[in-house]
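Novice: Going by numbering that gives the first Met the number 0, the letters in the sequence shown line up with residues 0 to 169, in that order. The beta carbon of each residue, even a glycine, is placed where N, CA and C say it ideally should be.
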Amino acid sequence: MVTIAELISLAADSSLAEVMIDLEMKVSGRTKEDIWGEMARNLVAMEQAVEKGLTGVASMTGFSGGDAPKLTDYLEKMSPFSGKNTLQVARNAIATNELNASMGVICATPTAGSAGVCAGVITMMKEVHGVNENQQVNFLFTAGAVGLAIANQASISGAQGGCQAEVGFC
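1) Report yes if the C-beta distance between A44 and V104 is below 8 Å; otherwise report no.
2) Check A57 in the structure and name its three-state DSSP category.
3) At what residue ranges does the region 82-133 contain a whole run of the alpha helix (DSSP H), taking only runs of 4 or more?
4) Tell me the residue span of the alpha helix (DSSP H) that contains P68.
5) Going by other Cβ atoms of all chains shown within 10 Å of its Cβ, with 16 needed for buried, is Q152 buried or exposed?
6) Kindly list the residues whose CB is nearer than 7 Å to the CB of A144, restricted to its own chain and excluding five residues on each side of it in sequence; keep chain order.
7) Could you give the first and the last residue of the continuous alpha helix (DSSP H) run that contains G36?
8) Can you round the beta-carbon distance between E46 and I34 to whole angstroms, since I take them to be within the 8 Å contact cut?
9) For the ligand SAM, I want to know if D33 counts as a neighbour, meaning its beta carbon is within less than 7 Å of at least one of the ligand's heavy atoms.
10) Does the region 105-113 come within contact of the region 62-79, defined as at least 3 CB pairs closer than 8 Å?
11) My output table needs one value for S173: the three-state DSSP class, helix, strand or coil.
12) At the level of alpha carbons, what is the spacing between D72 and A142?
13) Can you give me the start and stop residues for the alpha helix (DSSP H) that S27 sits inside?
14) So for F80, helix, strand or coil by DSSP?
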């Protein structure tokens, strides 16, 4: 079981991303290259989910969907009180969640209900700040390390703790 205190101690000599990669290598027996490649594929799935969700998908029931393009219009025309970056993260997260509701492909992080959170942040950082793929993958490993410590101490199950257990984890 990994705790936040242990992560801080382990990260004294390297990044949290490297700590997480090392932990995954020990647990899975896989190489660093294999683990990195899988996370890079997860990143692509996140980026594609945001891109597709921004086109205006609807849920299978038709009860939800289409809000992400509305937020794009708002971002282009208005000056949001919370700032454009914050609203862009929310828009990208909503795009991912709308794609999920339409039965599209997403990357659960760690659950489908919270999938938009990491995708929203990471795609905004690329769009606005030019964060490269290497930095994005390191972000995902860092988020995974923190998430592992949280999951070891608390429930991340939406069925058990409600949606806030999923989203609060991210």
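Specialist: With the structure as the only source:
1) Taking the first residue of the sequence shown as position 1, residue 44 is located at position 45. Taking the first residue of the sequence shown as position 1, residue 104 is located at position 105. Contact flag set, yes.
2) Looking up residue 57 in the sequence shown gives position 58. A57 falls in the strand class under three-state DSSP.
3) 83-100 and 114-128
4) Numbered from its first residue, the sequence shown carries residue 68 at position 69. Taken as a continuous stretch (DSSP letters only), the alpha helix (DSSP H) holding P68 covers D66 to K76.
5) Here residue 152 refers to the residue found at position 153 of the sequence shown. Under this definition Q152 is an exposed residue.
6) Residue numbering aside, residue 144 sits at position 145 when the sequence shown is read from its first letter. Excluding residues within five positions, the ones whose Cβ falls inside 7 Å are L6, L15, V18 and M19.
7) Taking the sequence shown and counting its residues from 1, one reaches residue 36 at position 37. Element bounds for G36: K31 to G52.
8) As a first step, residue 46 is located in the sequence shown; it is residue number 47 there, counting from the start. As a first step, residue 34 is located in the sequence shown; it is residue number 35 there, counting from the start. Not a contact, Cβ separation roughly 19 Å.
9) For the ligand SAM, the structure offers nothing, since it holds no ligand at all.
10) no
11) What is shown of the chain runs 0 to 169, which leaves residue 173 out entirely.
12) The sequence position of residue 72 within the sequence shown is 73, counting from 1. The sequence position of residue 142 within the sequence shown is 143, counting from 1. C-alpha separation (whole angstroms): 30 Å.
13) Position 28 of the sequence shown, counted from the first residue, corresponds to residue 27. It spans L15 to S27 - the alpha helix (DSSP H) in which S27 sits, taken as one unbroken run.
14) Taking the sequence shown and counting its residues from 1, the one referred to as residue 80 is at position 81. F80: coil per DSSP, three-state reduction.
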